[in-house]
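Residue numbers (the UniProt record's numbering), protein chains in the order written: chain A, 1 to 268; chain B, 1 to 268.
Report on one structure; see the data block that follows.
Protein chains: 2
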Amino acid sequence: MKACNLFGVNGRLVLADKDAAATPLCTGDEREDRNFVKGLHKEIALLQEMLYAERQRKVLLVLQGVDCAGKDGTVHQLFGRINPMGLRPVRFDVPTSAETARDFLWRVHLQVPRKGEIAVFNRSHYEDVLHPVVYGQISDIEAGRRLAQIQEFERMLAESGTTIVKVFLHISKDEQRRRLQDRIDNPEKHWKFDPEDLKHREKWSEYHAAYDKAIAGTDAPHAPWYIVPADSKPHRDTAVAALLAETMRAMNLAYPAGDPKIAKLRVK
Amino acid sequence: MKACNLFGVNGRLVLADKDAAATPLCTGDEREDRNFVKGLHKEIALLQEMLYAERQRKVLLVLQGVDCAGKDGTVHQLFGRINPMGLRPVRFDVPTSAETARDFLWRVHLQVPRKGEIAVFNRSHYEDVLHPVVYGQISDIEAGRRLAQIQEFERMLAESGTTIVKVFLHISKDEQRRRLQDRIDNPEKHWKFDPEDLKHREKWSEYHAAYDKAIAGTDAPHAPWYIVPADSKPHRDTAVAALLAETMRAMNLAYPAGDPKIAKLRVK
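Take a look at the structure:
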């Protein structure tokens with residue numbers, strides 16, 4: 001079954017009902033699974049070279065998920081085989097004062113992919129309909145307005161030749177506990193640990209309710225959301241690679257036609 | 001022998017005297033050589049994580065070389081194992097009008113690495129003392145002034161915690177002919193071919209004379225140049241990895257000390 005169908009949202013979502021530990025794309029045979037994801041990365045690398053050679057269209061992959069969901073790890077995996085010159089990771093941290101002085105889409109717009117490029121957003125404009133909602137910093141009206149603004153922004157990007165794929169890396173509360181505890185137990189990982197993560201964890205259900213709303217409210221044919229079960233790291237990496245490969249396959253990419261004028265040249 | 005000694009410039013340079021086909025870091029045993037470079041990448045990945053964890057210092061790797069010298073390929077190789085969130089490739093194309101409206105260091109300054117980051121420049125501010133010199137677009141006085149400006153700019157970066165490594169990928173005129181001809185003979189590679197490359201090739205010795213001057217004039221202990229024989233792609237990748245590993249080893253990186261306050265936490 002296609003990953004796009006398997007993980008699609010179709011406008012409705014209750015994350016709490018989704019099994020974060022599922023591994024529908026893995027066989028359990030480690031070697032076979034590794035070869036499958038290797039094949040997908042090879043295919044993405046080829047499609048990316050065609051995208052780059054064509055220099056007309058763009059791809060935007062948005063990664064969201066709670067702390068420890070594996071956003072960094074996913075980006076890292078993708079770079080194994082793909083030419084970094086055509087794949088640009090973008091991390092959205094806490095906004096700077098220059099950023100908060102503008103609308104929330106301003107810093108996002110600055111980072112959209114250029115022709116021939118795949119941009120991977122590690123967090124994104126969706127942060128602005130999560131944290132402020134959970135902590136009551138914006139009204140329901142403002143939250144609804146932002147969702148509509150996101151929809152229009154993404155529509156504009158799509159109409160300007162950007163293929164958008166949005167992925168929520170779905171981990172269970174138990175798995176997050178294990179990963180946080182691991183950062184605590186290993187002094188060499190303390191630098192990865194942010195006490196804020198524990199505060200966010202206390203608001204687990206509020207965050208997931210905000211995600212339900214944000215994802216269901218912005219799922220669209222031109223900017224679909226996918227919920228990827230991510231307790232298993234191998235499954236997470238396979239699923240993201242499969243989604244990206246399927247999406248790019250559907251773009252019908254090809255190398256530009258050879259130029260007959262060039263074909264005759266002899267280099268001296 | 002250390003790669004830094006092997007490929008160092010020490011303030012004097014005649015590129016024409018350097019053997020582009022040399023492979024001092026390769027044994028010729030393909031398997032052994034591959035394992036060696038794999039080990040270097042693993043080491044760089046670890047050092048990079050420490051650099052990122054520390055978030056104090058920065059690394060800047062500058063890659064220069066004639067067309068087809070393998071700058072893109074080198075960047076691609078480096079990303080095999082290293083976390084892309086801490087390694088940022090920057091390509092400097094033909095300047096835009098917004099860029100030419102400023103001094104030549106303006107667009108470069110915008111892209112310098114941030115704390116914890118390795119930035120890899122695919123071309124750089126050195127383009128501005130090559131092309132304009134070869135085509136007589138700037139006077140000797142202006143060229144000398146630019147070299148001095150580059151020196152001061154790099155000194156400022158170094159004084160602000162940036163470790164700089166500059167690499168010239170050295171290929172022979174014959175090897176460039178083979179690579180250009182390959183782009184012409186393979187229609188799927190026509191998109192990589194730029195007729196301008198043939199014009200630059202006609203000025204081979206002028207470009208190399210400009211490189212001699214630019215490299216010798218900006219080689220400094222805080223921003224050393226290395227000439228890497230790059231006719232052999234495996235040797236090129238090994239040498240660049242070795243230079244980066246040696247340079248970062250000398251930075252005495254380590255994970256930040258564990259925080260005793262964190263160590264006692266239990267995640268609920």
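Where a beta carbon is used, it is the ideal one built from N, C-alpha and C, also for glycine.
When the five nearest sequence neighbours on each side are left out, the beta carbons in the same chain lying within less than 8 Å of the beta carbon of residue 75 of chain B are those of 63, 89, 120, 122, in order along the chain.
In the structure shown, the three-state DSSP call for residue 87 of chain B is strand.
Interface with chain A (8 Å Cβ-Cβ cutoff): residue 106 of chain B is excluded.
At the C-beta level, residue 229 of chain A and residue 170 of chain A come within 8 Å of one another.
Between residue 251 of chain A and residue 182 of chain B, the alpha-carbon positions lie close to 28 Å from each other. Taking C-beta atoms as the reference points, residue 86 of chain B and residue 118 of chain B count as a pair closer than 8 Å.
Counting only the Cα atoms, residue 172 of chain A lies some 14 Å from residue 206 of chain A.
The beta-carbon separation of residue 115 of chain A and residue 31 of chain A, rounded to 39 Å, does not stay under the 8 Å limit for a contact. Taking the Cα positions, residue 36 of chain A is about 10 Å away from residue 27 of chain A. Residue 132 of chain A sits in a helix when the DSSP states are folded into three classes. For the stretch 54 to 84 of chain B, the beta-carbon criterion of a distance under 7 Å to any beta-carbon of chain A is satisfied by 72, 75, 76, 79, 80, 83, 84. Straight-line spacing of the CA atoms in residue 3 of chain B and residue 29 of chain B works out to 19 Å.
Residue 234 of chain B sits in a helix when the DSSP states are folded into three classes. Annotated three-state conformation of residue 8 of chain B is strand, per DSSP. In the DSSP assignment, residue 153 of chain A falls outside any beta strand (DSSP E) and within the unbroken alpha helix (DSSP H) covering 140 to 159. Residue 229 of chain B is bridged by DSSP to B/170. The criterion of a C-beta distance shorter than 8 Å is satisfied by residue 60 of chain A and residue 112 of chain A. With the rule of 3 Cβ pairs closer than 8 Å, the stretch 69 to 83 of chain B does not count as touching the stretch 134 to 149 of chain B.
Beta-bridge analysis with DSSP links residue 209 of chain B to no other residue. Within chain B, 262 have C-beta atoms less than 7 Å from the C-beta of residue 193 of chain A, given in sequence order. Look at the stretch 25 to 98 of chain B and you find these whole runs of alpha helix (DSSP H), each 4 residues long or longer: 30 to 54, 71 to 78. In the three-state reduction of the DSSP assignment, residue 23 of chain A falls in the coil class. Per DSSP, the unbroken alpha helix (DSSP H) holding residue 263 of chain B starts and ends at 260 to 263. The stretch 215 to 224 of chain B makes contact with the stretch 151 to 159 of chain B; the number of CB pairs closer than 8 Å reaches 3 or more.
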